[in-house]
Amino acid sequence: VVWGIVGMLVGVIIAAQLFAPALDLSNIGPWFHFGRLRPLHTNAVIFAFGGCGLFATSYYVVQRTCNVRLFGGKFLPAFTFWGWQLVIVLAAITLPLGYTQGKEYAELEWPIDILIALVWVAYAVVFFGTIATRK
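So for the sequence shown, the UniProt record's numbering puts the first residue at 1; every next one is plus one.
Below you can see the structure in the form of structure tokens.
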């Protein structure tokens with residue numbers, strides 16, 4: 001919910017900049033320019049808010065439908081949570097600073113992409129491991 005509020009707040013700020021150009025905050029610093037805030041807004045709403053929702057609901061549902069605890073003990077599910085939070089924080093830092101690959105919806109730099117891949121592999125291990133150990 002927190003990441004959804006943050007992402008949508010950034011969306012309101014950039015929408016206000018489009019509606020009233022006098023509200024342009026780039027005179028404070030380049031990290032407040034529309035071109036840097038828009039990728040932050042889209043990534044925050046899609047990946048931070050949507051990604052956290054996906055992880056939470058799928059972990060809840062797979063435990064309940066399989067009638068077992070999550071696979072991987074306490075470490076692997078916690079790694080997916082904290083790893084994803086780290087991805088979000090790194091994105092929230094690098095995007096306004098202008099460190100991007102310049103690809104729409106794939107703006108994050110390659111070290112963050114590697115962390116994303118590690119988190120998703122861990123997620124797959126937890127999810128499918130839970131299904132494999134169902135009762």
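Ideal placement from N, C-alpha and C gives every residue a C-beta, glycine not left out.
Item: Residue span of the alpha helix (DSSP H) that contains TRP31, given as start and end; Value: Run containing TRP31: none; DSSP gives neither H nor E here.
Item: Where LEU54 sits in the DSSP three-state scheme; Value: helix
Item: Neighbour-count burial assignment, ASN67, 16 or more Cβ in a 10 Å radius; Value: exposed
Item: Cut-off 6 Å between Cβ atoms - residues of its own chain near LEU23, not counting five sequence neighbours on either side; Value: ALA16 and GLN17
Item: Beta-carbon proximity of ILE88 to ALA48, cut-off 8 Å; Value: yes
Item: Given ILE131 as reference, the closest of GLY50, THR65 and PHE34 once Cα atoms are compared; Value: THR65
Item: Assigned secondary structure, LEU25 (DSSP; H/G/I helix, E/B strand, else coil); Value: coil
Item: Start and end residues, alpha helix (DSSP H) containing ALA132; Value: 110-132
Item: Assigned exposure category for VAL121 - 16 Cβ within 10 Å defines buried; Value: exposed
Item: Collapsed DSSP secondary structure at THR42 in the structure displayed; Value: helix
Item: Member of LEU108, PRO21 and TYR123 whose CA lies at the smallest distance from the CA of LYS74; Value: TYR123
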